[in-house]
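Here the protein sequences come in this chain order: A and B. Remember, my numbering sits 860 above the position in the first sequence when you count from 1. Remember, my numbering sits 860 above the position in the second sequence when you count from 1. Heads up, the beta-carbon is just placed ideally off N, CA and C, and yes, glycines get one too. These numbers come from a predicted model, not from an experiment.
There are 2 protein chains.
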Amino acid sequence: MNTSHYNPFAERINNVTPSFIREILQVTKQSDVISFAGGLPNEQLFPIEQLKKSSQKVFENYGSQLLQYSNTEGDLQLRQWIAKRYKRQNLHINVEDILISNGSQQALDLLGKVFINKNDPIIVENPGYLGALQAFRLYQAKFLGVDIHDNGMDITQLQQTLSSNKAKLIYAVPNFQNPTGISYSEENRQAIALEVAKTESYLIQDDPYGELRFSGEQKSNFMSLLPQQTILLGSFSKTIAPAFRLGWIVAPQEIMKKLVIAKQAADLHSNSFSQAILYQYLQDNNIDEHLKKLNHYYGQQKNIMETAIKQYFPQNTKLTNPEGGLFLWCSLDKKISTLELFKTAIKHNIAFVPGESFYTGKIEKNTMRLNYSGADSFAIEKGIKDLAKIIKTKSN
Amino acid sequence: MNTSHYNPFAERINNVTPSFIREILQVTKQSDVISFAGGLPNEQLFPIEQLKKSSQKVFENYGSQLLQYSNTEGDLQLRQWIAKRYKRQNLHINVEDILISNGSQQALDLLGKVFINKNDPIIVENPGYLGALQAFRLYQAKFLGVDIHDNGMDITQLQQTLSSNKAKLIYAVPNFQNPTGISYSEENRQAIALEVAKTESYLIQDDPYGELRFSGEQKSNFMSLLPQQTILLGSFSKTIAPAFRLGWIVAPQEIMKKLVIAKQAADLHSNSFSQAILYQYLQDNNIDEHLKKLNHYYGQQKNIMETAIKQYFPQNTKLTNPEGGLFLWCSLDKKISTLELFKTAIKHNIAFVPGESFYTGKIEKNTMRLNYSGADSFAIEKGIKDLAKIIKTKSN
């Protein structure tokens, strides 16, 4: 076989390279690195004993059917539980409108498959979640970035972008956004809904962190502001266990029918053994108690990091003020490139993600994403202090 | 929002409809139906007690890391086990060349994503596995069917198709093919390898049933006949437990790099909790003993079905003679449409899959796929006898 000039690959994958974050995360696996780079939930808080009990129980209760092929849409009881949970947000979701996916990531892939033709304009947050960019990029989407401010999306930019492009999808993480940690204000949400309602676009509310609130008040879900044009994503990865790879999509029937076809072609159905265990866990335990513990801890960690940054980082440092989730977003002096900073920091065993990785539009090179859920309090304090010293050498 | 004329969906999904088989399987879930329609392993043979023990053990051994995010390629130990297992076929597979996927189905989806541009010619078996067609169809492949005979692919057709089309991929299930149950002879494999070696095509050997042999001799793997052009797929769904959704892809590094990018965008990684349990099970149990039991049972079931068909079906019925796997392929008198037969049979609570569902090329309407792994011996005997009566009413 002569393979010297032949490129067998599909156009969609030729220009895609492994993500920079993936490379960073490989480096930070070394145990002597203090890492603010990942987006992992703290594994000390996994309900491991309870899940152990749940998994024993499903073996006893389900019999051999536990291990058989299952249906594409996902476990009916688990979907009923999800529908019921949304009632707390005054959302009335039909079980038929819920599909279990392999985490939110597969939800993004399935949506890409169902909606995106090459060069379709897709509005994304700038900066925004890399996993969504990665999923949609493989369907050759054309990204239109709309800047994210402290109170949410830039409405003027959104208006302009919507009026000059027929965007098929708008991708938004309104609660504790990745990477910035900000939440859209109530006014911002309403203004967005008003603009989107004038169009035929669908808004994807990706909500993996929605239940991880440690301060402030819950805001409106786009599913209530814009019910006919919202596709809602959820995940058990941040609240219970990422290893299960279980999330979900809520979408109206005409979209759900296509998603089910795409899901079937993608992997028939999500791991039904883990779905059964998860449902058993949710039956036998008080999820609100668990979330309370989680959020208390993450709130503390965020405060420790914030306090350390205010104490040690240069005075002109700017910081977002997350009310939940896993990330702080930090803007240094405009002269500082956080990519250069990263290269020095990693030599001193400190890792974070340089902000420029997250931009599709205008890049701010002086920004960085800091995760506070992974490291313990002592490591946060030490890591921030050491990082501050390195920043000061770069500021001179 | 005015949705009256707007079609928001991607071109790739617009003409795809839910599979007919899926609809059949919905009907056959009613417990009074004797179903030869599915392709499910017999759940009475799942090693449920052993997996229960393995799942307890991983909770004790792994600690909280068991539930954390994991790596895209899959559990290293599980991949090492797979590599080692291939040594029994004299295949030397590098662990780096193995990616864990959500069953073979996701492997097909990832391969479609990495290789297939719209209208790319893909050679498929005629008749062939619907799941592959479904996965590749969503990447808008152009299917070129090559007929399957009792000893494998039609070599003349393969030659002609390869010489008049630059087929990117050749999809083959050489062991106990779905739907026909036939295996490619050694000569046929060598002839195929010779033809493919003249081209730049990749041959996908999908091998979910390879370990389910109850008679005859193992034949060469394409990975040994055509190492640089073979992509090999495997699955634990038929041997251990479908609910885990665990399979794998073996591919050379230049392809593997693209597959890893596609897998990461698709769902980050496969369920790592189930990977740990599966590896534990493989450590603590003799898989060969388990497969021996499985194959003894399936061999018996196949014999019972074959005997009943020879006894009750019309004399001009033709039958394949599978040496393993889950399916028999039955050709009735050319005047009989099995689709019409199905409509009558289901009213009498007997289900099978009409053969025409599986064809991409020339259709033989008098064929049907019969699964012998799901029903018990008594049900097989009764179902075939009843089906024979219905066939006789159609023959008159």
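{"Asked": "So residue 1072 (chain B) and residue 1100 (chain B) are supposed to be a Cβ contact under 8 angstroms. How far apart are they, rounded?", "Found": "No, residue 1072 (chain B) and residue 1100 (chain B) are not in contact; Cβ-Cβ is about 12 angstroms, not under 8 angstroms."}
{"Asked": "Where residue 939 (chain B) and residue 924 (chain B) are concerned, what is the direct C-alpha to C-alpha distance, given to the nearest angstrom?", "Found": "22 angstroms"}
{"Asked": "Does the contact criterion of 3 or more C-beta pairs under 8 angstroms hold for the segment 1029–1039 of chain B versus the segment 1152–1168 of chain B?", "Found": "no"}
{"Asked": "Can you say whether residue 1035 (chain B) is buried or exposed, counting buried as having 16 or more other CB atoms within 10 angstroms of its CB?", "Found": "buried"}
{"Asked": "In chain order, what residues of the same chain lie with their CB nearer than 7 angstroms to the CB of residue 990 (chain A), ignoring the 5 residues before and after it?", "Found": "879, 881, 1217 and 1218"}
{"Asked": "Alpha carbon to alpha carbon, how far is residue 1226 (chain A) from residue 1016 (chain A)? Give it in angstroms, no decimals.", "Found": "24 angstroms"}
{"Asked": "Return helix, strand or coil for residue 1025 (chain A), following the three-state DSSP convention.", "Found": "coil"}
{"Asked": "For residue 917 (chain B) and residue 1231 (chain A), I'd like the C-alpha separation in whole angstroms.", "Found": "32 angstroms"}
{"Asked": "If contacts are defined as beta-carbon pairs under 8 angstroms, then residue 1037 (chain B) and residue 1008 (chain B) qualify, I think. What distance do you get, rounded to the angstrom?", "Found": "7 angstroms"}
{"Asked": "Is there contact here, the segment 1123–1141 of chain B with the segment 927–941 of chain B, by at least three beta-carbon pairs under 8 angstroms?", "Found": "yes"}
{"Asked": "How is the alpha helix (DSSP H) around residue 1149 (chain A) delimited, first residue to last?", "Found": "1147–1172"}
{"Asked": "Pick helix, strand or coil for residue 1004 (chain A), following the three-state DSSP scheme.", "Found": "strand"}
{"Asked": "Under the assumption that residue 902 (chain B) contacts residue 1234 (chain B) (Cβ atoms under 8 angstroms), give the Cβ distance between them as a whole number of angstroms.", "Found": "6 angstroms"}
{"Asked": "Residue 1147 (chain A) and residue 1240 (chain A) - do their beta-carbons sit closer together than 7 angstroms?", "Found": "no"}
{"Asked": "Contact defined as beta carbons within less than 8 angstroms: I believe residue 1018 (chain A) pairs with residue 1052 (chain A). What is the distance between those atoms, to the nearest angstrom?", "Found": "6 angstroms"}
{"Asked": "Between the segment 943–951 of chain B and the segment 1074–1084 of chain B, can you find at least three pairs of beta-carbon atoms closer than 8 angstroms?", "Found": "yes"}
{"Asked": "So, are the CB atoms of residue 891 (chain A) and residue 1140 (chain A) less than 7 angstroms apart?", "Found": "no"}
{"Asked": "Quick one: measure Cβ to Cβ for residue 963 (chain A) and residue 1128 (chain B), integer angstroms, because I've assumed they're closer than 8 angstroms.", "Found": "6 angstroms"}
{"Asked": "Output needed for residue 1056 (chain A): all residues of its chain with C-beta closer than 8 angstroms, excluding positions within five of it in sequence on either side, in chain order.", "Found": "1022, 1030, 1063, 1086 and 1089"}
{"Asked": "So, helix, strand or coil for residue 1079 (chain B), using DSSP?", "Found": "coil"}
{"Asked": "Going along chain E in order, which residues have a C-beta closer than 8 angstroms to the C-beta of residue 946 (chain B)?", "Found": "Given the protein chain composition of this structure (A and B), no chain E is represented."}
{"Asked": "Just mark residue 1012 (chain B) as buried or exposed, buried being the case when its beta carbon has 16 or more other beta carbons within 10 Å.", "Found": "buried"}
{"Asked": "Mind checking if residue 957 (chain A) is an interface residue toward chain B, Cβ cutoff 7 angstroms exclusive?", "Found": "no"}
{"Asked": "Return yes when the Cβ of residue 1005 (chain B) is within less than 7 angstroms of the Cβ of residue 1243 (chain B), no when it is not.", "Found": "no"}
{"Asked": "Between residue 1158 (chain A) and chain B, is the shortest Cβ-Cβ distance under 7 angstroms, so that the two count as touching?", "Found": "no"}
{"Asked": "Given a cut-off of 7 angstroms on the beta-carbon distance, is the pair residue 1211 (chain B) and residue 897 (chain B) in contact?", "Found": "yes"}
{"Asked": "For the beta strand (DSSP E) containing residue 983 (chain A), name the first residue and the last one.", "Found": "981–986"}
{"Asked": "Report the residues of the segment 1089–1106 of chain A with a CB closer than 9 angstroms to any CB of chain B, ordered along the chain.", "Found": "1089, 1097, 1100, 1101, 1102, 1103, 1104, 1105 and 1106"}
{"Asked": "What is the DSSP secondary structure of residue 1069 (chain A), reduced to helix, strand or coil?", "Found": "coil"}
{"Asked": "Assign residue 862 (chain B) to buried or exposed, taking buried as 16 or more other Cβ atoms, counted over all protein chains shown, within 10 Å of its Cβ.", "Found": "Per-residue confidence for residue 862 (chain B) stands at a pLDDT of 47, beneath the threshold of 50, marking its modelled position as unreliable; the derived number appears in the next sentence. So residue 862 (chain B) counts as exposed."}
{"Asked": "Take the Cβ of residue 1156 (chain B) as the centre, count every other Cβ of all protein chains shown within 10 Å, and call the residue buried at 16 or more, exposed below.", "Found": "exposed"}
{"Asked": "Anything in the segment 862–878 of chain B with a Cβ closer than 8 angstroms to a Cβ of chain A? List those residues in chain order, please.", "Found": "862, 863, 866, 868, 869, 870, 871, 872, 873, 876, 877 and 878"}
{"Asked": "CA-CA distance, residue 1176 (chain B) and residue 1193 (chain B)?", "Found": "6 angstroms"}
{"Asked": "Taking only beta-carbon atoms, is residue 1128 (chain B) less than 7 angstroms away from chain A?", "Found": "yes"}
{"Asked": "Hey, does residue 1166 (chain A) have any beta-carbon neighbour from chain B nearer than 7 angstroms?", "Found": "no"}
{"Asked": "Provide the residue(s) that pair with residue 837 (chain B) in DSSP beta bridges, ordered along the chain.", "Found": "This structure cannot settle anything about residue 837 (chain B), because the visible part of chain B is limited to 861 through 1256."}
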